[in-house]
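Step one of this worksheet: look at the structure below.
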Amino acid sequence: MSVFKTIGKWIGRMVLLLLSVLLLGYLFIYFSTEKRMNKTYRFSETPLTIPSDSQSIERGKHLYEIRSCADCHGAKLEGSVFMNDVMLLQITAPNLTKGKGGLPPDYAAEDWVRVLRHGVDKNGKSLWMMPAHESAVLHKDDLAQLIAYCQSVPAVDNQQEKLKAIGPIGRVLMVIDRVAVLPAERIDHEIPIAVNAPANKVEIGKYLVSTCQGCHMADMKGGSPVAPGFPPVPDISAKGAPGGWTTAEFISTFRSGKTPEGKFLRNEFMPWKNMQHFTDEELTSILSYLKSVN
Ligand code: HEC
Ligand code: HEC
1 MSVFKTIGKW IGRMVLLLLS VLLLGYLFIY FSTEKRMNKT YRFSETPLTI
51 PSDSQSIERG KHLYEIRSCA DCHGAKLEGS VFMNDVMLLQ ITAPNLTKGK
101 GGLPPDYAAE DWVRVLRHGV DKNGKSLWMM PAHESAVLHK DDLAQLIAYC
151 QSVPAVDNQQ EKLKAIGPIG RVLMVIDRVA VLPAERIDHE IPIAVNAPAN
201 KVEIGKYLVS TCQGCHMADM KGGSPVAPGF PPVPDISAKG APGGWTTAEF
251 ISTFRSGKTP EGKFLRNEFM PWKNMQHFTD EELTSILSYL KSVN
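For the sequence shown, position 144 matches number 144 in full-length UniProt numbering, and the numbering has no gaps at all.
Next comes the structure, spelled out in structure tokens:
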């Protein structure tokens with residue numbers, strides 16, 4: 001009898017120990033993610049002049065489309081619930097118009113610049129899931145035109161739920177760097193805005209693919225799925241399938257969602273439908289860049 005009692009006591013102790021280790025581990029995860037989320041970023045930024053002519057606004061609309069803003073904020077800038085998973089993350093991509101549920105009436109050009117170049121809110125804390133590390137590369141004229149367009153869009157009333165919470169799985173994924181929640185961490189806040197547009201095809205392509213890097217990675221070689229339930233991301237460098245495609249085949253892949261090998265790209269994983277807004281010229285530059293990456 002006493003042998004069982006002793007064993008029982010040991011099992012009890014082991015369970016208690018295990019629970020304490022788990023608790024301590026989670027406390028570490030909790031506080032380290034809290035610290036990162038509450039970090040304040042400071043930087044100086046030169047004011048940007050926003051144009052108001054119709055040509056700039058038209059160009060800004062194109063930028064809104066090819067820089068994939070519509071994927072999250074919608075075609076009319078009305079916003080959408082980006083993710084609503086209690087264990088993972090709950091976050092709303094806001095209504096960017098000045099309609100009901102939209103941006104405050106005094107939201108100014110410098111607020112847009114702060115968000116798009118630094119990925120922080122007005123208190124200097126990183127926004128969540130807003131891919132500002134991708135818009136941070138925009139040169140001066142493109143950024144100004146993008147903002148001009150956004151500010152010109154008619155007000156839309158969309159009072160969606162304002163979600164902003166992170167669950168335990170979200171925190172774990174943040175600690176092991178599997179989900180990039182905080183864009184401000186991925187931006188060098190000291191780099192001043194680029195003044196000149198890229199000049200040759202390869203450079204233009206490199207500039208345009210910053211919107212692909214969230215999934216295909218900085219080296220275009222893809223890798224593991226971007227989130228649970230997603231497929232692995234293919235290599236699109238010179239070594240991947242596009243390395244062997246002609247320009248016409250590359251363009252047709254983006255127009256039809258079907259690759260030269262006959263594979264249908266699933267829009268929910270590879271948002272090719274919104275990418276149809278790329279012009280043939282832009283896609284040609286993208287392919288030139290991809291073929292230059294080994
Ligand atoms: C992957 C989804 C996603 C994409 C793509 C995206 N956004 Fe966002 N955006 C968000 C989310 C989510 C937030 C809210 C972040 C928060 O509240 O912490 C946000 C916030 C913003 C805000 C801040 C509003 C405020 O409250 O100050 C602006 C402005 C904005 N986005 C503009 C853009 C523009 C312009 C683009 C394209 C260059 C873009 N976004 C692309 C998800 C996205
Ligand atoms: C949200 C993540 C995501 C983004 C952003 C993204 N891709 Fe993809 N891409 C994928 C995934 C996932 C696949 C595989 C799709 C499938 O299996 O249905 C893929 C497939 C492809 C393919 C086909 C490759 C093959 O081997 O058949 C090409 C080409 C491609 N992407 C190019 C691009 C380019 C260029 C951009 C930027 C303009 C881009 N992708 C942006 C996730 C993404």
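All residues carry an ideal CB built from backbone N, CA and C; glycine is no exception.
From the DSSP output, in three-state form, read off residue i for me.
i: Leu18; result: helix
i: residue 295; result: In the structure as shown, the chain begins at 1 and stops at 294. Residue 295 is therefore absent and cannot be evaluated.
i: Met174; result: helix
i: Gln159; result: coil
i: Phe254; result: helix
i: Ala199; result: coil
i: Ile187; result: coil
i: Met220; result: coil
i: Phe230; result: coil
i: Leu89; result: strand
i: Met37; result: helix
i: Met83; result: strand
i: Val115; result: helix
Quick check on residue i: buried or exposed, where buried means 16 or more other Cβ atoms within 10 Å of its Cβ?
i: Asn196; result: exposed
i: Val86; result: exposed
i: Phe250; result: buried
i: Trp245; result: buried
i: Ser32; result: exposed
i: Thr92; result: buried
i: Asn38; result: exposed
i: Arg42; result: exposed
i: Thr253; result: buried
i: Gly99; result: buried
i: Gly25; result: exposed
i: Met248; result: At residue 248 the sequence reads Ala, which differs from the Met that was named. That one is exposed.
i: Ile204; result: buried
i: Leu22; result: exposed
Tell me the rounded alpha-carbon separation between residue i and residue j.
i: Met129; j: Gly119; result: 9 Å
i: Ile191; j: Ala70; result: 27 Å
i: Met174; j: Leu265; result: 28 Å
i: Pro234; j: Gly74; result: 26 Å
i: Lys122; j: Val113; result: 11 Å
i: Lys35; j: Ile29; result: 10 Å
i: Trp272; j: Ser288; result: 19 Å
i: Pro232; j: Lys9; result: 47 Å
i: Pro242; j: Glu261; result: 10 Å
i: Cys212; j: Asp142; result: 18 Å
Measure how close the beta-carbons of residue i and residue j come, nearest whole angstrom, since I'm counting them as under 8 Å.
i: Ala238; j: Lys291; result: 5 Å
i: Gly102; j: Ala165; result: Not a contact, Cβ separation roughly 21 Å.
i: Gln160; j: Asn267; result: Actually they are not in contact, since the Cβ atoms of Gln160 and Asn267 sit about 23 Å apart, beyond 8 Å.
i: Val181; j: Ala227; result: So it is not a contact: roughly 12 Å between Cβ atoms.
i: Pro183; j: Ala132; result: 4 Å
Segment contact flag, the segment 7-22 with the segment 79-94, C-beta cutoff 8 Å, min 3 pairs: The segment 7-22 vs the segment 79-94: no contact.
Inter-stretch contact (C-beta, 8 Å, three-pair minimum) for the segment 133-148 and the segment 47-59: With a cut-off of 8 Å, the segment 47-59 and the segment 133-148 count as touching, because enough Cβ pairs lie within range.
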